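Protein chains in written order, with the numbering used here: chain G, 1 to 443; chain Z, 1001 to 1181. Even glycine gets a Cβ: it sits at the ideal position worked out from N, Cα and C. Owing to the predicted nature of the structure, the values given are computational and were not obtained by experimental measurement. In what follows, a structure is listed as structure tokens, so that the remarks can point back to it.
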Amino acid sequence: MDNKKSKYIFIVLSVLCMMMIIISLVKDGIVDPIRNTIGSVLVPFQTGVNSVGFGIYENLKEHRTLQEVEEENKKLSEKIDLLTEQNNRLTLDSGELSRLRELYELDQEYMQYEKVAARVIAKDSENWFQVFRIDKGSQDGIRVDQNVMANGGLIGIVTDVGLNYATVRSIIDDESRVSAMGLQSSDTCIVAGDLTLYEQGRLRITDIKKDTSIQEGDRIVTSNISAKFLPGILIGYAVDVKEDDKRLMKDGYLIPAADFNDLTEVLVLKQVKSDSFLDENSGDGSVALRNSNTDAVLNSVSDSNVKVAETWAGMEGLTPLSEIDGTQDPNGSLITAKDIVDTGDNVYNAKKSDDGETAQSGREEGSGDSERSTAAKKESSNRERDTGEEEDRETTTRETQARETAARETTQTEAESTAAESRAETAAQDNNSEEELIEENPN
Amino acid sequence: MIGMKSIFKKKTIKKTTKRRLGILVYALSLVVAFLIQTSVIPLLPFLSASPNLLLILTFSIGFIHGNLPGMIYGLAAGLLLDLFYSGPFGFYSLIFVVIGYLNGFFSNAYYEEYITLPMVMCVINEFIYHVYIYIFRFFFREKYDIPYYLQHVVLPAVVFSLMVTLILYRFVFTATEKIDE
């Protein structure tokens, strides 16, 4: 009797589980509220247990003999000498580099992405999957699809976010695939995690075109055509690149730059690649939207300076694909209009109100422009979160450039147009020269 | 849970309190095992594999107490794991329920001090569990390197689990005895 009953319960439970699997597969994110609640309750415990465990581990490590420590000390001081020398050299180099970067406006280097540090508090216990959990969640600004780095290399991507935790899938997980490119040649390839290579500390590189020049030792970075990874993040170094069996493509292996065995702290990049996609895709729509907005502004503020902003808004829709990226959002570039017109505070104000209205009207437009409005919201929230450091640097470099061109421009075309028009032209030229610069540097 | 309630009615009040204590102890063990399994063992860099404590507890309870408790414990353990990972929801619940239930059938063959059978069960259960994961998460993605997976994933996990089973099975066993006293 009892046996029969448990048999029925078993069948019911199994069917329930299967139904849950199917439902969650079909409808993504349906269980997220439950996951979040349980996660929020469990994460403090996990953090606690975790720090206790680490305390014990660190304690064990501390009990080493004096001799060992002295030996290590000797080695380390030698290393310090070496590093100091190297550091001096590098400081010189980095000074030069920053000057060059300013010159070429290579702001999209990943060094300038804003980051959040997080601790790894839990990992998948089986070797099947390489998934871990960090102690920062949506309340710290973590979002799905944010990239995760450690030791200067790419670690993985955020797949799931709760209030106070986030789940990260490593790039060494068997299901992970990253669109990448060689830094030297910018030939694209795919970096795929593989369980069978995991113990050798390698990943697989596939889909390298046959005639490309990716060689052994080349730096592999995330590609700029990747849908989820920000461009230019170092993944690792290529080894054993060979033609595949069919002699159509080249295959190889990758040694990751980050150390996956001893992951305790990671950096989460706050920017999400899809943000910049949204900006791009809504490019055509935004022209009309923006123009109508600026028209409204024009009516209220009948100042010729506004024309500059309008021209800029028009230019924006046409901004080439290569120019738009995470660090310099199209709205951010509007600030240059303000910089060009040093005295014209009106433009800045106009720009501000324009911005606000865009967001508003975007929301009002409804379903058609919902993407746009979310983009605008994200942008504005992004900007709020920005420390300002990034933007400051950007604006100063732009300012100097803009001033130079402005000066040149005014001497040339002083007679032929009004001050406002020449400003607009300056803006256009500035934009053009920017394009050229970036086109020259595919990296 | 309906089944549990009807069981309660049949027993005396004293037995009910004992049962409640037992449930409390097992619920606690579930959470503690989960925390250790996810937050302590995998983060120690010198361990290459880690045992699936929840699996061991599930089949031990199924083995000692019968299908129904095994199944319920399995469901709870599976739900915890499902909530922890971001894959399809119910994936772990299903296999844990199945394992809890199947092991319940061997509760007839349960002798107090007999440890060989649990060890054998451990190997079989681990194997079922890993084959389940392999089929649904790897085989369908056309990853066929079975010998490698056997050697580098399944074997370490099974060996480690065997060692832990020795301890955890004793725990469930003594817990049962203490509660019954």
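From the beta carbon of residue i, is the nearest beta carbon of chain G less than 9 Å away?
i, result
"Thr1073 (chain Z)", "Position check: residue 1073 (chain Z) holds Tyr in this sequence, whereas Thr was assumed. It does not; no Cβ of chain G falls within 9 Å."
"Thr1016 (chain Z)", "no"
"Asp1180 (chain Z)", "no"
"Asn1067 (chain Z)", "yes"
"Ser1050 (chain Z)", "yes"
"Gly1090 (chain Z)", "yes"
"Leu1080 (chain Z)", "yes"
"Val1031 (chain Z)", "yes"
"Gly1104 (chain Z)", "yes"
Against residue i, what residues of chain Z qualify as contacts under a CB-to-CB distance less than 7 Å, listed in chain order?
i, result
"Phe45 (chain G)", "Leu1035"
"Val31 (chain G)", "Phe1089"
So which residues of chain G does residue i contact, with C-beta pairs closer than 8 Å?
i, result
"Leu1057 (chain Z)", "Correct list: empty, because the minimum Cβ distance to chain G is about 13 Å."
"Thr1038 (chain Z)", "Gln46, Ala122, Lys123, Asp124, Ser125 and Arg133"
"Ile1133 (chain Z)", "Glu126 and Trp128"
"Val1097 (chain Z)", "Phe10, Leu13, Ser14 and Cys17"
"Leu1094 (chain Z)", "Ser14, Cys17, Met18 and Ile21"
With respect to 8 Å, is the separation between the Cβ of residue i and the closest non-hydrogen atom of the ligand FAD below this value?
i, result
"Asn73 (chain G)", "As presented, the structure is devoid of all ligands, the ligand FAD included, so that no description of it is given."
Buried or exposed for residue i, please, with buried defined as at least 16 other CB atoms from any protein chain shown within 10 angstroms of its CB.
i, result
"Asp445 (chain G)", "Outside the shown range of chain G (1 to 443) lies residue 445 (chain G), about which nothing can therefore be said."
"Glu126 (chain G)", "buried"
"Gly182 (chain G)", "buried"
"Asp211 (chain G)", "exposed"
"Val52 (chain G)", "exposed"
"Pro1147 (chain Z)", "exposed"
"Lys27 (chain G)", "exposed"
"Gln67 (chain G)", "exposed"
"Glu1126 (chain Z)", "buried"
"Leu1057 (chain Z)", "buried"
"Ile205 (chain G)", "buried"
"Arg1141 (chain Z)", "exposed"
"Tyr113 (chain G)", "buried"
"Thr1174 (chain Z)", "exposed"
"Ser77 (chain G)", "exposed"
"Tyr1144 (chain Z)", "exposed"
"Gln1151 (chain Z)", "exposed"
"Asn50 (chain G)", "buried"
Any Cβ of chain Z within less than 9 Å of the Cβ of residue i?
i, result
"Ile205 (chain G)", "no"
"Asn3 (chain G)", "yes"
"Arg35 (chain G)", "yes"
"Ser170 (chain G)", "no"
"Lys246 (chain G)", "no"
"Lys7 (chain G)", "yes"
"Val191 (chain G)", "no"
"Thr264 (chain G)", "yes"
"Leu163 (chain G)", "no"
"Ile214 (chain G)", "no"
"Ser304 (chain G)", "Annotation note: pLDDT 42 at Ser304 (chain G) (below 50); position unreliable, coordinate value reported separately. No, Ser304 (chain G) lies away from the interface with chain Z (no Cβ there is under 9 Å from its Cβ)."
"Ile142 (chain G)", "no"
"Ser370 (chain G)", "Reliability fails at Ser370 (chain G), whose pLDDT of 43 lies under 50, so the model's placement of it is uncertain and no value is given."
"Thr222 (chain G)", "no"
"Ser361 (chain G)", "Reliability of the predicted coordinates at Ser361 (chain G) is poor, the pLDDT of 42 falling under 50, and the value obtained from them is presented with this limitation in mind. Not closer than 9 Å to any Cβ of chain Z, the Cβ of Ser361 (chain G) fails to qualify, so no."
"Phe54 (chain G)", "yes"
"Thr188 (chain G)", "no"
In chain G, which residues lie with their C-beta within 7 Å of the C-beta of residue i?
i, result
"Ile1041 (chain Z)", "Ser125"
"Tyr1101 (chain Z)", "Phe10"
For residue i, go through chain Z and note every residue whose CB falls closer than 9 Å to its CB, in chain order.
i, result
"Gly39 (chain G)", "Leu1083 and Phe1084"
"Leu195 (chain G)", "Phe1138, Lys1143, Asp1145, Tyr1148, Tyr1149, His1152 and Val1153"
"Val268 (chain G)", "Within chain Z, no residue comes near Val268 (chain G); the closest Cβ sits about 16 Å away, beyond 9 Å."
Using a Cβ cut-off of 9 Å, pull out every chain G residue sitting near residue i, in sequence order please.
i, result
"Ala1076 (chain Z)", "Ordered by position in chain G, no residue passes the 9 Å Cβ test against Ala1076 (chain Z), which lies about 11 Å from the chain."
Below 8 Å on C-beta distance, what does residue i contact in chain Z?
i, result
"Asp160 (chain G)", "Ser1086"
"Val49 (chain G)", "Leu1035, Ile1036, Ser1039 and Val1040"
"Ser138 (chain G)", "Within 8 Å Cβ-Cβ: nothing; Ser138 (chain G) doesn't reach chain Z, min ~14 Å."
"Val148 (chain G)", "Residues of chain Z passing the Cβ test: none, with the nearest at roughly 14 Å."
When the Cβ atoms of the stretch 9–16 of chain G are set against those of the stretch 1091–1103 of chain Z, are three or more pairs found closer than 8 Å? yes
Counting only Cβ-Cβ distances shorter than 8 Å, please list the residues of the stretch 1138–1153 of chain Z near chain G, keeping chain order. Phe1138, Arg1141, Lys1143, Asp1145, Tyr1148, Tyr1149, His1152 and Val1153
Using a Cβ cut-off of 9 Å, which residues of the stretch 172–185 of chain G contact any Cβ in chain Z, in chain order? Asp174 and Glu175
Under 8 Å: do the stretch 160–169 of chain G and the stretch 32–44 of chain G share three or more Cβ pairs, one atom per stretch? yes
Three-pair Cβ contact test at 8 Å for the stretch 1105–1125 of chain Z versus the stretch 1072–1085 of chain Z: no
Interfacial residues, the stretch 1155–1168 of chain Z to chain G, with Cβ spacing under 9 Å: Pro1156 and Ala1157
Members of the stretch 75–90 of chain G near chain Z, C-beta cut-off 8 Å: none
Just checking, does the stretch 261–268 of chain G make contact with the stretch 142–152 of chain G on the three C-beta pairs under 8 Å criterion? yes
Segment contact flag, the stretch 75–82 of chain G with the stretch 233–240 of chain G, C-beta cutoff 8 Å, min 3 pairs: no
Answer yes if the stretch 17–27 of chain G comes into contact with the stretch 1013–1029 of chain Z, meaning at least three C-beta pairs across the two stretches below 8 Å, and no otherwise. no
Three or more C-beta pairs below 8 Å linking the stretch 1162–1175 of chain Z and the stretch 1090–1098 of chain Z: no
Check whether the stretch 129–142 of chain G and the stretch 1059–1066 of chain Z are in contact - that is, three or more C-beta pairs closer than 8 Å. no
Validate contact between the stretch 177–195 of chain G and the stretch 221–229 of chain G using beta carbons, cut 8 Å, 3 pairs: yes
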